[in-house]
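Under the working numbering, residue 574 is the last one in the sequence shown; the count climbs by one each step, no gaps.
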Amino acid sequence: MADQIDNEITEMAAANSPASLALGLPYRNELNDDYVVSATFDPAGPVPNAFGQRISALCDEGVSLAPDPSAPDASRYGRVVGGIAVPCQTIPNRNVVVGSAFATYTFSVAPRLSFFDDRLQPFALAEGQYGRWRGANDKEYIHVYGNSKMSRLQDDAAWVCGYAVGDDTKRSLFDAGFWKLRELGLRYTLPATFVQRIGADRASLALSGRNLWTIWQAQSDIYGATITDPEFGAPSLDGDGNFYETPPLTNISMTLRVTF
């Protein structure tokens with residue numbers, strides 16, 4: 315099965331809304347102050363790291379979603395990544411949206427087999443999601459409080475400049491696409507001779523497990539801060555996750571169904 319979903323903000327009643335609420339944008343979305351495209355250590359660069367080494371960087375100017383970007387009301391429209399790269403200091407707080415905070419594409423595969431006249435049925439469900447970006451605050455605090463190797467060495471120019479200009483993809487924002495083995499199980503229909511002894515018409519026993527394995531994930535870390543589960547996060551205005559939350563839990567269950 316395949317599913318595609320999207321939306322767009324087409325009308326705004328209130329003025330001076332947050333930058334993530336603008337015409338043309340999806341709701342919910344993930345927004346960056348600026349988006350660093352490339353960076354290099356440069357003695358004449360405007361951004362220093364903690365050791366005094368200076369850096370020059372280029373940021374994505376973004377693409378305005380306004381029908382006429384030069385119109386007086388163009389500021390009511392959102393801006394998304396995909397523009398030309400310009401020096402970061404020339405476009406402070408550009409507020410570019412990197413993507414949706416919900417999965418725009420979902421796929422599922424659910425095979426089911428039968429053996430011995432349908433008495434034994436193994437089944438499985440694999441699910442894939444694409445198009446979602448998530449913010450994980452626990453990863454941000456790993457970088458902010460100097461608990462990551464990157465934050466201590468500061469030897470990656472893009473990370474340093476991203477930290478300076480508010481590029482969350484360098485510390486907390488990640489591509490949350492994944493494929494997971496959602497369910498794997500086995501159902502066995504008990505023999506009629508056994509069921510009849512307890513006065514029942516039919517009985518089955520099933521053993522199953524959920525969220526057993528992340529088969530693939532689009533991004534495994536944020537500059538060294540490991541993403542333990544791509545579904546880590548919470549629904550909010552910007553789809554952010556909080557460091558108090560846990561990802562979906564793995565569980566194993568056994569079910570006995572009896573029909574009288």
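All residues carry an ideal CB built from backbone N, CA and C; glycine is no exception.
Minimum C-alpha distance to ALA371 - residue among ALA440, VAL395 and VAL474: In the sequence shown, counting from the first residue as 1, residue 371 sits at position 57. Looking at the Cα atoms, VAL474 is the closest of the given residues.
Contact set for TYR391: own chain, Cβ-Cβ below 7 Å, skip 5 residues either direction: Against the sequence shown, residue 391 aligns to sequence position 77. Cβ neighbours of TYR391 beyond the five flanking positions: ALA336, LEU337, GLY338, SER378, LEU379 and ALA380.
Beta-carbon spacing of SER422, PRO340 below 8 Å: Mapped onto the sequence shown, residue 422 falls at position 108. Mapped onto the sequence shown, residue 340 falls at position 26. No, they are not a contact pair.
Option nearest ALA517 by Cα separation, candidates THR528, TYR502, ASN525 and THR540: Sequence index remark: in the sequence shown, residue 517 carries index 203 (1-based). Considering only alpha carbons, the answer is TYR502.
Residue(s) in a DSSP beta bridge with VAL423: Sequence index remark: in the sequence shown, residue 423 carries index 109 (1-based). VAL423 is bridged to ALA440.
Nearest-angstrom Cβ-Cβ length linking GLY476 and LYS463, presumed shorter than 8 Å: As a working note, residue 476 is residue 162 in the sequence shown. As a working note, residue 463 is residue 149 in the sequence shown. The pair is not a contact, with the Cβ atoms about 16 Å apart (cut-off 8 Å).
For ALA385, the three-state DSSP class (helix, strand or coil): Numbered from 1 along the sequence shown, position 71 holds the residue referred to as residue 385. Coil at ALA385, not helix or strand.
Unbroken stretches of the beta strand (DSSP E), 3 residues or longer, contained in the region 341-397: 343-346, 350-355 and 368-374
GLY595 to ARG446 span [Cα, whole Å]: Past the edges of the chain, shown from 315 to 574, lies residue 595, and the structure says nothing about it.
Residues sharing a beta bridge with SER567, DSSP: As a first step, residue 567 is located in the sequence shown; it is residue number 253 there, counting from the start. For SER567, which the question treats as bridged, DSSP gives the partners SER522.
Residues near LEU434 by beta carbon distance below 6 Å, same chain, minus five either side: Within the sequence shown, residue 434 is the residue found at index 120, counting from 1. Result list for LEU434: TYR502, in chain order.
Distance, ASP387 Cα to ASP470 Cα: If you number the sequence shown from 1, residue 470 lands on position 156. If you number the sequence shown from 1, residue 387 lands on position 73. Each residue's Cα considered, the two are about 39 Å apart.
LEU439 versus PHE416, PHE574, PRO357 and LEU427, residue with shortest Cα-Cα distance: Numbered from 1 along the sequence shown, position 125 holds the residue referred to as residue 439. Cα-wise, what sits closest to LEU439 is LEU427.
Beta-carbon separation (whole angstroms), ASN346 vs ASP481, contact threshold 8 Å: The count along the sequence shown starts at 1 and reaches residue 346 at position 32. The count along the sequence shown starts at 1 and reaches residue 481 at position 167. 5 Å between Cβ atoms; contact.
SER331 to SER389 span [Cα, whole Å]: Sequence index remark: in the sequence shown, residue 331 carries index 17 (1-based). Sequence index remark: in the sequence shown, residue 389 carries index 75 (1-based). Each residue's Cα considered, the two are about 11 Å apart.
Alpha carbon of GLY397 to alpha carbon of ASP374, nearest angstrom: By 1-based counting over the sequence shown, the position of residue 397 is 83. By 1-based counting over the sequence shown, the position of residue 374 is 60. If you take the alpha carbons of GLY397 and ASP374, they lie about 6 Å apart.
Rounded separation between ALA506 and ASP515 - CA only: Sequence index remark: in the sequence shown, residue 506 carries index 192 (1-based). Sequence index remark: in the sequence shown, residue 515 carries index 201 (1-based). Taking the straight line from one Cα to the other gives about 8 Å.
Whether PHE488 touches ALA450 by CB criterion (8 Å): Position 174 of the sequence shown, counted from the start, is the residue given in the question as residue 488. Position 136 of the sequence shown, counted from the start, is the residue given in the question as residue 450. Yes. Within cutoff.
ILE323 in three-state terms, based on DSSP: The sequence position of residue 323 within the sequence shown is 9, counting from 1. Coil.
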